[in-house]
Amino acid sequence: MYDCGNLCTPDTVLNKTEQLTPGEILAIQDHVHRTIQVLRRLELPQELEDVRSIAAQHHERFDGSGYPMGLRGEAILFEARILSAVDVMDAIMSERPHRESIPV
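For the sequence shown, this note's numbering gives the first residue as 19, with consecutive numbering after it.
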C-alpha cells in the first residue's frame, strides 16, 4: 500500500535495465505523491490516520537526503523510519531488472 503510486509509473521506467535518466528518476520519486493522492481518497479509521504520513515519509533519510520533503532526523516519523528500513531490505533481497537479488 505504501508504494501503490508505482502503479502509475511507466513499466518502461520500472523495468529499465540501464541507468535511469534524471527525468526517469523524477518519475520514480513521484510515486510518493501519487500514493498520497490514493491514500487521501480512502476513509481510514482514526487509529490509521498516520498511515498517510508514514507512506509519505518512507523515502526520507535521517541525514535529510531523502525525498519528497527532505525531512531529517526526528522530523521523520519513527514508523516511517521502520518502513524505510523494510523497503530498503526488500529492494536488496528482490530481483530487479538491472540486477539479481542479494541474499542476506
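For every residue, glycine included, the Cβ atom is placed at its ideal position computed from N, Cα and C.
Backbone CA spacing between residue i and residue j [nearest angstrom]
{"i": "residue 44", "j": "residue 100", "result": "24 Å"}
{"i": "residue 96", "j": "residue 71", "result": "11 Å"}
{"i": "residue 114", "j": "residue 86", "result": "23 Å"}
{"i": "residue 120", "j": "residue 107", "result": "10 Å"}
{"i": "residue 47", "j": "residue 61", "result": "25 Å"}
{"i": "residue 31", "j": "residue 22", "result": "15 Å"}
{"i": "residue 112", "j": "residue 105", "result": "10 Å"}
{"i": "residue 41", "j": "residue 110", "result": "23 Å"}
Burial state of residue i (16 or more Cβ within 10 Å)
{"i": "residue 122", "result": "exposed"}
{"i": "residue 53", "result": "buried"}
{"i": "residue 25", "result": "exposed"}
{"i": "residue 98", "result": "buried"}
{"i": "residue 49", "result": "buried"}
Continuous alpha helix (DSSP H) stretch holding residue i: start and end
{"i": "residue 94", "result": "Run containing residue 94: none; DSSP gives neither H nor E here."}
{"i": "residue 90", "result": "Unbroken run through residue 90: none, as it is neither H nor E."}
{"i": "residue 79", "result": "Element bounds for residue 79: n/a, residue is neither H nor E."}
{"i": "residue 55", "result": "49-59"}
{"i": "residue 21", "result": "Looking at the DSSP string, residue 21 is not in any alpha helix (DSSP H), and its letter there is neither H nor E."}
{"i": "residue 31", "result": "29-32"}
Residues bridged to residue i (per DSSP)
{"i": "residue 7", "result": "Nothing in the structure corresponds to residue 7, since the chain is present only between 19 and 122."}
Given 8 Å as the limit, is there contact between the stretch 31-45 and the stretch 73-88, that is, 3 or more CB pairs closer than that? No: fewer than three Cβ pairs fall under 8 Å.
For the stretch 78-96 against the stretch 59-66, are there 3 or more C-beta pairs whose distance is under 8 Å? no
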